[in-house]
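As you go down the protein sequences, you meet chains L and Y in turn. Mapping of the first sequence onto the numbering used here: residues 209 to 518, in sequence order. Mapping of the second sequence onto the numbering used here: residues 3 to 328, in sequence order.
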Amino acid sequence: MTAPALELRKITKRFGDFCAVNQVDLAVPRNRVVALVGESGSGKTTTGLLALRLIEATSGQILLDGHDISRIGQKEMKPYRRQLQVVFQDSYSSLDPMMTLGKIVGEPLQIHGVGSSAEQRDQVQVWLEKVGLDGSYANRYPHELSGGQRQRVAVARALILGASVLVADEPTSALDVSVKAQIVNLLQELQADIGLSMLFVSHDLSVVRSLADEVVVMLRGRVVERAPTDRIFTDARHPYTHALLDAMPVIDPKARRRRTFLSADEIAARTPRLHPSDLVAEPLSDSAEPQLVALAGSHFVEAIVTEHAA
Amino acid sequence: MRLVEIDDLQVTFSQHDGLVQAVRGVSLHLEAGESLGIVGESGSGKSVTCSALLRLLREPPAKIAARAMKLGDTDMLGASRQEISAVRGRVAAMVFQDPMTSLDPVFTIGHQIAETIMTHRKVGRKQALAQALEALRRVEIKNADVVLKYYPHQLSGGMLQRVMIAMALSCEPDVLIADEPTTALDVTIQAQILQLIKDIQAETGMGLIMITHDLGVIAETVDRVVVLYGGKVMETGPVNDIFASPLHPYTKALLNSIPGQVAGKRRLTEIPGASPNPAHPPAGCPFHPRCPMAIAACQQATPPLETKADGREAACIRVAPELVPA
Chain L
209 MTAPALELRK ITKRFGDFCA VNQVDLAVPR NRVVALVGES GSGKTTTGLL
259 ALRLIEATSG QILLDGHDIS RIGQKEMKPY RRQLQVVFQD SYSSLDPMMT
309 LGKIVGEPLQ IHGVGSSAEQ RDQVQVWLEK VGLDGSYANR YPHELSGGQR
359 QRVAVARALI LGASVLVADE PTSALDVSVK AQIVNLLQEL QADIGLSMLF
409 VSHDLSVVRS LADEVVVMLR GRVVERAPTD RIFTDARHPY THALLDAMPV
459 IDPKARRRRT FLSADEIAAR TPRLHPSDLV AEPLSDSAEP QLVALAGSHF
509 VEAIVTEHAA
Chain Y
3 MRLVEIDDLQ VTFSQHDGLV QAVRGVSLHL EAGESLGIVG ESGSGKSVTC
53 SALLRLLREP PAKIAARAMK LGDTDMLGAS RQEISAVRGR VAAMVFQDPM
103 TSLDPVFTIG HQIAETIMTH RKVGRKQALA QALEALRRVE IKNADVVLKY
153 YPHQLSGGML QRVMIAMALS CEPDVLIADE PTTALDVTIQ AQILQLIKDI
203 QAETGMGLIM ITHDLGVIAE TVDRVVVLYG GKVMETGPVN DIFASPLHPY
253 TKALLNSIPG QVAGKRRLTE IPGASPNPAH PPAGCPFHPR CPMAIAACQQ
303 ATPPLETKAD GREAACIRVA PELVPA
């Protein structure tokens, strides 16, 4: 079995007394898109930053292609950075306004000393075209671009070093509807072309449905459900996943309905109770606390395992 | 009764590099108790239209012209400054996208709502605070008496937006204008806020204008839709008709580009190109450079907004007769 492109094992991040990410396990298999969804404060963005080692974990392991990168120094980290790249939500603040797009896209090549400056310029042209921008954009500045175009630049910069793993944190959330589809399509094309593995952090379930192979749902720093995308949409088991799906606007005015909303306590009270025979693997602990358990079909849900399940 | 009437509104901004034409001949109206959705992307002119209606734009650089622009009985173009501030809040109140920047960080929630009430009604501070408390209860804030003493930073985004709605409703306006009220919020909180706005509308019978780029929000909340693009109305009609059989190619393209409508990983239908530059809009139909149905005539003259069917108008010369429901 080949190692996943990116794997997090029991990753935990505490800020003082607050546990932002609590024992999260996650794997992005090669050539796959795994979506990390949840609301603000769920810890999804922090998890993405931990995977990139842009912040340091309190405990747990990060594996890139099977190599443990969680404890190595920044210098040893450098070669791995070529493989592991990121695109952020806000392309205004993530592109230097004083640099031309050519400089922005070519900077990773400079930092890593890849090729002569002529070769670097050629690569920049190649990548600007790959993300759907004319090569002439190399001489322009970020403020001359629309939001969608800036996000294309961010994608080119992330992939120019030949990254195999991309963490994309809400890359389409700030975009207009008509441009959102363009960026989702671009990510899909690149994923197929260069065999990219992607951790796609988003609160937008509709984009996730069109892009992801697997969905991981986070609530207050914990993974509460994880399943292939279609199963999340058709057979979600956790009440919080149901709440997220139910809140999605329905694109049919004739299907309007009055919604009811569950409080956090009500969601906790509805944690599924499963009988050991419902599981396809032994639960890790025999406590009565909720834990992530395995169901058939690569489906995991946080549940209470009990002999007295309904 | 007609609450809002806008006829041929033009809004321009003079900038160092020329004139930006943000709104180029928008007409729309709102009847009592009705809810109207204004949908469009950034730069389509949707927010500017409503800010112009309430005369919230700084003039200059903004320049507003229209055949008519009425809010209730008030002619908003000819009204004096006093008349305009009397209308704001009482006849029409507005809720903005970002509640954090709409509220003053150094005053308590109660102080800010009471201030609004005292501006529009002849009541004392004590009475105004009592009414502020009532307003917070109405937007389903449970510990309203505590929240009254809170400062904005002590509340979440969803709670702040409830406070903004409470403040907007505190003077019982005839029209609530909500400008992307849920865009900054999580999907579950968005659903709650939209439900709240709908409930209050049903209860009070006020008119509602919902400004958004999100067709999902439109589908969930309004009766009638105005689709804006490049500062112009592309299409108007009842919400069910717009979603079931869009007339304008832009409306159709927008609906097709919504992700996640069907199961499975797939390529989305995208609209090629980018929105028009408002400083240099294309000649003719603003959508023609991106339109799959465009012909030479589309770039020569701007198509007028024409009635295509009962209650439905579109500004397109390429709407095929068979698309128009009989």
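Using N, Cα and C, we set each Cβ at its ideal position, and we do this for glycine too.
Going by other Cβ atoms of all chains shown within 10 Å of its Cβ, with 16 needed for buried, is G45/Y buried or exposed? With 16 or more Cβ atoms within 10 Å of its Cβ, G45/Y is classed as buried.
Determine whether the Cβ of L413/L lies closer than 8 Å to any Cβ atom of chain B. Judged by its chain identifiers, the structure shown contains no chain B, and its protein chains are L and Y.
Quick check on DSSP: helix, strand or coil for P101/Y? helix
Beta carbon of I178/Y nearer than 8 Å to that of L210/Y: Looking at the sequence shown, residue 178/Y is not Ile but Leu. Yes, they are a contact pair.
When S410/L, G310/L and Q318/L are compared against G251/L, the one with the closest alpha-carbon: S410/L
Under 9 Å, CB to CB, which of the residues in the stretch 254-271 of chain Y have a partner in chain L? A255, L256, L257, N258, S259, I260, P261, G262, Q263, V264, A265, G266, K267, R268, R269, L270 and T271
Say whether the stretch 226-236 of chain Y touches the stretch 379-392 of chain L, bearing in mind that this needs 3 or more beta-carbon pairs closer than 8 Å, one atom from each stretch. Contact check between the stretch 226-236 of chain Y and the stretch 379-392 of chain L: fewer than three CB pairs, one atom from each, fall below 8 Å, which does not count as touching.
Got a sec: is the Cβ-Cβ distance from S586/L to anything in chain Y below 8 Å? Here chain L comprises residues numbered 209 to 518, so residue 586/L is not present and cannot be evaluated.
Return the CA-CA distance between F98/Y and I512/L, expressed in angstroms with no decimal places. Taking the straight line joining both Cα atoms gives about 43 Å.
Start-end ranges of the alpha helix (DSSP H) lying completely within the stretch 99-160 of chain Y, minimum 4 residues: 101-104, 111-122, 127-140 and 146-149
Count the other CB atoms, across all protein chains shown, that sit within 10 Å of the CB of Q282/L; report buried if there are 16 or more and exposed otherwise. exposed
Which two residues bound the contiguous beta strand (DSSP E) that contains K65/Y? Unbroken beta strand (DSSP E) run through K65/Y: A64 to A67.
Sort T449/L, L336/L and K286/L by Cα distance to S344/L and report the nearest one. L336/L
Under 8 Å Cβ-Cβ, which residues of chain L neighbour E222/Y? Identification of chain L residues near E222/Y by a Cβ-Cβ cut-off of 8 Å yields P457, V458, P461 and R464, ordered along the chain.
Buried/exposed call for D147/Y, threshold 16 Cβ in 10 Å: exposed
Please confirm if the stretch 448-464 of chain L is in contact with the stretch 253-260 of chain L, defined as three or more CB-CB distances below 8 Å between the two stretches. no
Nearest-angstrom Cβ-Cβ length linking R467/L and A193/Y, presumed shorter than 8 Å: With a Cβ gap of about 6 Å, R467/L and A193/Y count as contacting.
Determine, using beta carbons only, whether G256/L comes closer than 8 Å to chain Y. no
Taking R238/L as the reference, give the member of S405/L, G355/L and M426/L with the closest Cα. S405/L
Per-residue DSSP class, three states only, for R222/L: strand
Which bits of chain L does E43/Y rub up against, with CB to CB less than 7 Å? D384, V385 and S386
Using alpha carbons as the reference points, say which of K65/Y, K200/Y, L73/Y and T121/Y lies closest to Q12/Y. Checked all of K65/Y, K200/Y, L73/Y and T121/Y; the closest Cα to Q12/Y is K65/Y.
Selection of the stretch 87-111 of chain Y by Cβ proximity to chain L, strictly under 9 Å: Residues passing the 9 Å Cβ filter: none.
Where does A455/L sit, in a helix, a strand or coil, going by DSSP? helix
Let me check understanding here. Comparing Cα to Cα, which of A68/Y, S82/Y, F289/Y and G266/Y lies closest to T14/Y? A68/Y
Per DSSP, cross-strand counterpart(s) of C227/L: R222/L
Which complete beta strand (DSSP E) runs does the stretch 458-509 of chain L hold, if anything under 3 residues is left out? As far as the stretch 458-509 of chain L is concerned, its whole beta strand (DSSP E) runs of at least 3 residues are 499-503.
With respect to the alpha helix (DSSP H) encompassing A435/L, which residues constitute its N-terminal and C-terminal limits? Not the alpha helix (DSSP H): A435/L falls in the beta strand (DSSP E), residues R430 to P436.
In whole angstroms, what separates the C-alpha of R481/L from that of P447/L? 12 Å
Within 10 angstroms of its Cβ, does L374/L collect 16 or more other Cβ (buried), or is it exposed? Buried, because 16 or more other Cβ atoms sit within 10 Å of the Cβ of L374/L.
Taking 8 Å as the threshold (beta carbon to beta carbon), is L217/Y in contact with chain L? yes
For a contact defined as C-beta to C-beta under 8 Å, what are the partners of T190/Y on chain L? E247, A451, L452, A455 and F469
CA-to-CA distance, P491/L to M307/L, given in whole angstroms: 53 Å
Neighbourhood of G313/Y by C-beta, 7 Å cutoff - its chain only, sequence neighbours within 5 removed: G239 and P240
Unbroken beta strand (DSSP E) run spanning K310/Y, endpoints: E308 to A311
Against chain Y, with Cβ distances strictly below 8 Å, would S523/L count as a contact? Chain L is shown from 209 up to 518; residue 523/L falls before or after that span and cannot be answered.
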